[in-house]
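Some notes on the structure that comes next.
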Amino acid sequence: MSTTSIPLVGAARPGLLGKLWRGNVGPVLVVVAAIMVVWYVAAVAMNWQGVSERFARMGQDASAGAVFWQTMAEDRPMLPVPHQILVELHKTVLDVAPTSRRSLVYHATETISATLVGFLMGSALGVLLAVGIVHLRTLQKSLMPWVISSQTVPILAIAPIIVVVLGSIGLRGLIPKAIISAYLCFFPVTIGMVKGLEAPDRMQRDLMRTYSASTAEIFWKLRLPASLPYLFASLKVAIAISLVGAIVAELPTGAQAGLGARLLAGSYYGQTIQIWSALVVAAACAALLVVAVGLLEKAVMKAMGGRP
Amino acid sequence: MAGSAAPLERTHAVPQGASAPVIDVRGLSLTFQTADGPVYALSDVDLQIADGEFVSFIGPSGCGKTTLLRVIADLERATGGSISVNGMTPEEARLKRAYGFVFQAPALYPWRTVGRNIDLPLEIFGLSKEERRKRRAAMLELVNLSGFEKKYPWQLSGGMQQRASIARALSFDPKLLLMDEPFGALDEIVRDHLNEQLLQLWAKTGKTVVFVTHSIPEAVFLSTKIVVMSPRPGRIIDVIDCDLGPERPLDIRETPEFLKIALRVREGLRAGHSYDD
């Protein structure tokens, strides 16, 4: 055996950049860069005809270079380029007071409040339905088909009906939006929670039987803790579609505020940059909400002795 | 399992007069109706188990040994004959929490620490916090897991997990301990070790133990009585008294007495066509 040690390849302590690169950051950046390239190419291609036709109408004989640069500087392009959206975001998020109607922060807050209220209502409903379905055989037979068919109704069709009906009894603003959110998001919670409450295996249930435990004790000490991983998986889906529900609820109802209203106004006036900015903010909100649920999940699982 | 657990000393081992059997099974049968016709899991089983005995059920898979244990525990219902546990029906005995049950797997709840797993039956039975704390400490000591109270099941080895599940079964001090192949999933070295510990625990607590196994040495080493069973239909072939005395080091398995009993068990199994294809 030789005593000279062979340096391990790659064993050197990585710097901060190296660490980031080895984590999620590297791969994510690569994907983002690829999307940017495709986006710019697509934007130039899609805006090209419009720009060159406009130059022609104005009687100018523009060079290809001039057309190329103009495709990225249009007021109402077919497809805005990322830096136009960033400029618009800067203007509507940072430059305007967050209480202003022109601020995306204002609109996002509006939508997120409806999302959160709807999410809480929907999740509570979903859990209650699941508890009922698991414990009462009649409910399983009578309720489950309705739960499933509720999701086959297109939400775009039902949203205006809900808003109009609730409006006629004096409910306006946040509540109708939250109800539409709840309508969408209770479903995955019910399905996941039913599965979770039935997750305990035969041995775990037999154990409770040997103790002659009551249904309530079996629920609190076995079924509920066993269901939590399933519940959190469902909640992540639920919070994302809850946001979709809130935005959809703002679309057909002429809502004055919210990301959906912003999208609608943008499409009325052909303000594509405004639409895309609202979309980006909506996506960021969704990511933020899902991450928040994920963090809650992590904390709960840690408290329940989960393997790190 | 060193140390003495005061509440578990032979408090009930003193026979009360001419003690009735703890478990009395007469003409018991259990038939499962399946799509392929009836399955005779148990057929005309007679068995008496006295207080303080250590009884093993041995036989090949499908001989009804686990089913018989589950009938005693009221986890299955017999379709014929009679059975009494502590002079009651199995259901009454279960409702009175007359037995602790140890399953094939530890079946610890993964979201509870070892201590809180042992606490589970005590919580359900509504014991006070102080009483629970005392019992928990005594049980952990009994199964040599002191210091592991705050660990989660996944942090323990398989043998330690099964010891924790035995502590859980004994925590409410039932007279009867029902064990369904508790060491079947463990390797032989751990199994030997746990067999020794179980024997000491039995001697110390004087529980009546009913133990299902498919290992001949395990059955002979542990039991005062071996019930040899055979399949199709599940029935008892032989009941062998097997008192090797209270002191049983692992070496006892090499002695002629031990081998003689082991041979009789094997002959019983052969007579029941357990070795047929």
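These protein sequence lines are chains A and B, in that order. Using our numbering, the letters of the first sequence map in sequence onto residues 13 to 320. Using our numbering, the letters of the second sequence map in sequence onto residues 14 to 290. C-beta atoms are modelled at their ideal positions from N, C-alpha and C, and glycine is treated no differently. Quantities reported herein were computed from a predicted structural model and do not represent experimental measurements.
Residue j beta carbon less than 7 Å from that of residue i
{"i": "B/F114", "j": "B/A86", "result": "yes"}
{"i": "A/S289", "j": "A/L101", "result": "yes"}
{"i": "A/I230", "j": "A/V305", "result": "no"}
{"i": "B/F185", "j": "B/F224", "result": "no"}
{"i": "B/W215", "j": "B/F67", "result": "yes"}
{"i": "B/A54", "j": "B/T80", "result": "yes"}
{"i": "B/Q61", "j": "B/P34", "result": "yes"}
{"i": "B/V233", "j": "B/L190", "result": "no"}
{"i": "B/G171", "j": "B/Q117", "result": "no"}
{"i": "A/L236", "j": "A/M220", "result": "no"}
{"i": "B/S95", "j": "B/R39", "result": "yes"}
{"i": "A/A126", "j": "A/L186", "result": "yes"}
{"i": "A/V139", "j": "A/M205", "result": "yes"}
{"i": "B/G219", "j": "B/G65", "result": "yes"}
{"i": "B/I239", "j": "B/G285", "result": "no"}
{"i": "B/C255", "j": "B/I274", "result": "yes"}
Proximity to residue i [Cα-Cα], best of the options
{"i": "A/P212", "options": "A/V42, A/P157, A/A238", "result": "A/A238"}
{"i": "A/V176", "options": "A/I203, A/P200, A/A261, A/V129", "result": "A/A261"}
{"i": "A/L271", "options": "A/V292, A/I145, A/F67", "result": "A/V292"}
{"i": "A/A294", "options": "A/L308, A/M220, A/L140, A/H119", "result": "A/H119"}
{"i": "A/F199", "options": "A/V42, A/A277, A/L132, A/P39", "result": "A/L132"}
{"i": "B/E194", "options": "B/E209, B/P187, B/Q175", "result": "B/Q175"}
{"i": "A/D218", "options": "B/K142, B/D64, B/E89", "result": "B/E89"}
{"i": "B/R148", "options": "B/P51, B/L183, B/Q168", "result": "B/L183"}
Per-residue burial, residue i [other beta carbons within 10 Å of its own, 16 or more giving buried]
{"i": "A/T150", "result": "exposed"}
{"i": "A/Y242", "result": "buried"}
{"i": "B/T226", "result": "buried"}
{"i": "B/G281", "result": "buried"}
{"i": "A/Y281", "result": "exposed"}
{"i": "B/E270", "result": "exposed"}
{"i": "A/Q96", "result": "buried"}
{"i": "A/Q82", "result": "buried"}
{"i": "B/N208", "result": "buried"}
{"i": "A/Q268", "result": "exposed"}
{"i": "B/G247", "result": "buried"}
{"i": "A/V201", "result": "buried"}
{"i": "A/E122", "result": "buried"}
Three-state secondary structure (DSSP) of residue i
{"i": "B/V222", "result": "strand"}
{"i": "B/D256", "result": "coil"}
{"i": "A/Q268", "result": "coil"}
{"i": "B/D132", "result": "helix"}
{"i": "A/F80", "result": "helix"}
{"i": "A/Y242", "result": "helix"}
{"i": "B/D251", "result": "strand"}
{"i": "B/A19", "result": "Residue placement at B/A19 is flagged as unreliable, the pLDDT there being 43, under the threshold of 50; a coordinate-derived value is accordingly withheld."}
{"i": "B/G65", "result": "coil"}
{"i": "A/T164", "result": "coil"}
{"i": "A/A109", "result": "coil"}
{"i": "B/F116", "result": "coil"}
{"i": "B/T44", "result": "strand"}
{"i": "B/I239", "result": "strand"}
{"i": "B/L190", "result": "strand"}
{"i": "B/L55", "result": "strand"}
{"i": "B/V35", "result": "coil"}
{"i": "B/M14", "result": "Reliability of the predicted coordinates at B/M14 is poor, the pLDDT of 45 falling under 50, and no value is obtained from them."}
{"i": "A/I287", "result": "helix"}
{"i": "B/G100", "result": "coil"}
{"i": "B/G50", "result": "strand"}
{"i": "B/L60", "result": "strand"}
{"i": "B/S74", "result": "coil"}
{"i": "B/G160", "result": "coil"}
Residues that residue i contacts on chain A, provided the C-beta gap is smaller than 9 Å
{"i": "B/R110", "result": "T222, Y223, S224"}
{"i": "B/T126", "result": "G317"}
{"i": "B/K244", "result": "Correcting the residue type first, residue 244 of chain B is Pro in the shown sequence and not Lys. Within 9 Å Cβ-Cβ: nothing; B/P244 doesn't reach chain A, min ~22 Å."}
{"i": "B/P195", "result": "What B/P195 touches in chain A: nothing, since even the nearest Cβ is about 12 Å away."}
Where residue i meets chain A, residues with beta-carbon distance less than 8 Å
{"i": "B/F116", "result": "M215, D218, L219"}
{"i": "B/T47", "result": "Near B/T47 there are no residues of chain A at all, since even the closest Cβ is about 17 Å away, more than 8 Å."}
{"i": "B/P103", "result": "Here the premise fails: no neighbours, minimum Cβ distance about 11 Å."}
Proximal residues of chain A, C-beta to C-beta of residue i below 7 Å
{"i": "B/T120", "result": "First, the residue type needs correcting, since residue 120 of chain B is Ala and not Thr in the sequence shown. Here the neighbours are M215, Q216, L219."}
{"i": "B/Y53", "result": "Within 7 Å Cβ-Cβ: nothing; B/Y53 doesn't reach chain A, min ~22 Å."}
{"i": "B/A86", "result": "T222"}
{"i": "B/L133", "result": "K233"}
{"i": "B/Y165", "result": "G317"}
{"i": "B/P269", "result": "The premise fails here: B/P269 is roughly 40 Å from chain A at the closest Cβ pair, so nothing lies under 7 Å."}
Chain-ordered neighbours of residue i on chain B, where CB pairs are closer than 7 Å
{"i": "A/E229", "result": "I137"}
Contact test: residue i Cβ vs the ligand HEM heavy atom, cutoff 6 Å
{"i": "B/L133", "result": "The ligand HEM is not among the ligands present in this structure, which contains no ligands whatsoever."}
Closer than 8 Å at the beta carbon, the chain D residues around residue i
{"i": "B/R107", "result": "You won't find chain D in this structure, because its protein chains are A and B."}
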